[in-house]
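Data block below; observations after.
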Amino acid sequence: MSTYRIALMPGDGIGVEVMEAARLVLEALSLDAVYVTADIGWKFWCEEGNPIPQRTIDILKTCRCGLLGAITSKAKDEASKELAPDLRGKGLNYHSPVVSLRQFFDLYINMRPCKSYPGNPLNYRDDIDLVIFRENTEGLYSGIEFFPLPHEVRVVIAKHNPGMEHFNEVPADQIAVSLRVITKRGANRIIHGAFEYARNFGYPTVTLAEKPNVLRETSGLMIREARSIATQYSEIELRETNIDAQMMWLVKDPNDYGVIVTSNMFGDIISDLAAQLVGGLGFSPSGNIGDDFAIFEPIHGSAPKYAGQYKVNPTAMLLGCKMMLSWLGEAEKAQALEGAIAAVIAEGEIRTYDMGGGSSTLDMAKAVVGRL
Ligand code: IPM
Ligand code: MG
């Protein structure tokens, strides 16, 4: 029997192509694994009214971890229009499958390493090595939203918070509310994860990037938690920054940061900025990590305009495989894969379109295989 059972969810658009690249590399590494392909994405929303069919959840429950390619996400109204005619008008609501997976499997850490590999012409700077720890199950992406605003909800909020008075005159169908929910447990486990990672991998600082001067309660809770956890890590400096200024400083002095920890939406935003500092979304992987299950993915989307062309850079997906290998405890294979990716980037002969070259997705994967 193989050591690992791994779910492969290619998803939509170029997700299929980068998954093929991942498969080539994993086979070449002779990882002792059996791979199970599972359905996910837009097609299944349109045809079945569910972008993550139950059979996929069942497969994931039998696997050690999963790899995800990319998924097309659309806003509510647009999604409803694309449903198969017999599914329309049944009250089906589109929810981002990746957000649902994170919540369903309680993958509370979203870890996003941003490292500049020397020789990448897209590097903003060559000395960047930072990791974003984004809370992955709550915050503004908890999915607790209202529109139109039910009268009872308005009354209860008004009873407990005078700030609601400001909106007294606004009719229910002209006001939408999304809740930013931060729990002590959620804050604790993401901040704890960030400090553990900093300790294990030798990062001297953990920066909590929030907005406590305005979001006094939710960011305030994060800060209290961070200060308390920091006392157990005396060798690591806790820095506290405001998310807006942090974006500016990241561009100004990206080499000044090690681990950055933040809530869900801030982490979503800051990780795209950080990705661009190291070559863009084509170079940025993401690990959705829980206590005993994890899903690894590139942070880019399904790029419909490039679908079918085998043109996109698979590096983010391959770095996602590297993260998966580390998480599985396959340190040697993880290191070999990262070394091969770094070597191909440094040599500069194989370059996908984003790097100004004409190599294909699979050319890049094969070059990495050649350097293993
Ligand atoms: C990401 C993506 C997702 C997110 C979307 C597709 C829901 O932007 O992984 O960063 O917001 O988390
Ligand atoms: Mg994002």
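Our numbering applies: residue -12 is where the sequence shown begins, and numbers increase by one.
Ideal placement from N, C-alpha and C gives every residue a C-beta, glycine not left out.
State buried or exposed for I257, treating a residue as buried only when at least 16 other CB atoms are found within 10 Å of its CB.
-> buried
Could you say which of Y190, I178, F188, A185 lies nearest to A196 if we only look at CA atoms?
-> I178
Whose C-alpha, out of I247, A333, I223, is nearest the C-alpha of D229?
-> Before going further, note that residue 229 is Asn rather than Asp in the sequence given. Closest option to N229, Cα to Cα, is I247.
Going by DSSP, which residues form a beta bridge with F120?
-> M98, V248
Taking 6 Å as the line, does the beta carbon of D255 fall inside it for any heavy atom of the ligand COA?
-> What this structure holds is the ligand IPM and the ligand MG, not the ligand COA.
Taking the DSSP output, what are the residues bridged to Y(-9)?
-> A20
Would you mind sorting I162 into buried or exposed? The rule is 16 or more other CB atoms within 10 Å of its CB.
-> exposed
Less than 6 Å between the CB of V86 and some heavy atom of the ligand IPM, yes or no?
-> yes
Would you list the one or two residues that DSSP bridges to T192?
-> E224
Look at A57 and A25 and say whether their C-beta atoms are less than 7 Å apart.
-> no
Compute the beta-carbon to beta-carbon distance between I282 and L55, rounded to the nearest angstrom, for a pair I have assumed lies under 8 Å.
-> 6 Å
Looking at the C-beta of E319, does it have a partner C-beta in chain B at a distance below 7 Å?
-> In the structure shown, chain B does not exist; there is a single protein chain.
Please confirm whether Y104 and I332 have their CB atoms less than 7 Å apart.
-> yes
Compare the Cα-Cα distances from I96 to each of F280, L264, N275 and report the closest residue.
-> N275
Could you check if N187 is buried or exposed, using at least 16 other CB atoms within 10 Å of its CB as the buried criterion?
-> exposed
Assign G343 to one of two classes, buried (16 or more other C-beta atoms within 10 Å of its C-beta) or exposed (fewer than that).
-> exposed
If you check the beta carbons only, do I119 and N242 fall under 7 Å apart?
-> no
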